[in-house]
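This report refers to the structure that appears directly beneath it.
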């Protein structure tokens, strides 16, 4: 017997005429006796392939909880150096530069611990209490691809770098 709510909000706004800022807020909360199959986990890349808003340095299903919150910020600075790596007669635009920042939090309620006796990790039990990373992205490589270099800054003594590829974002 449980209830669960999950919400997502995406805000895209222009910061300068050709620059955009994307802010993604995600969260979820569970009441009652939550079964293990309904735990939340932070969205991550898999095999170095990432979706929009995914944590790039996070291992797959690394942090769980019956409550979670995540914030993703991406600032697209547009075509920073016009004409770089353009393919004649295929694309009339160059590579875009994107700054990335992601923060995530997960936690289990005492009721869920008592009901499931789970030993799954949460960010709440880590030293930093949060998962966070920062990076840069290069969008519209060969017209269709996006390449990101991210640094995992939490749960590590020194940054751990991750390289991911995805489809180009607009």
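In our numbering, the protein residues as written are 897 to 1066.
We put the CB at the ideal spot given by N, CA and C, even for glycine.
Being a predicted model, the structure only gives us computed values, none of them experimental.
Item, Value
"Along the chain, where does the beta strand (DSSP E) containing residue 900 start, and where does it finish?", "898-912"
"Straight-line CA distance for residue 915 to residue 1052?", "32 angstroms"
"Specify the secondary structure class of residue 1045 as computed by DSSP and reduced to three states.", "strand"
"Around the C-beta of residue 941, are 16 or more other C-beta atoms found within 10 angstroms, so that it is buried, or is it exposed?", "buried"
"Is DSSP giving residue 955 helix, strand or coil here?", "coil"
"Give me whichever residues DSSP pairs with residue 922 in a beta bridge.", "904, 966"
"If we count Cβ pairs, one from each stretch, closer than 8 angstroms, do we get three or more for the region 921-937 versus the region 1035-1043?", "no"
"The alpha helix (DSSP H) with residue 1006 in it runs from where to where?", "1006-1012"
"Pull up the distance between the alpha-carbon of residue 1043 and that of residue 913, whole angstroms please.", "24 angstroms"
"Rounded to the nearest angstrom, what separates residue 930 and residue 902 at their Cα positions?", "14 angstroms"
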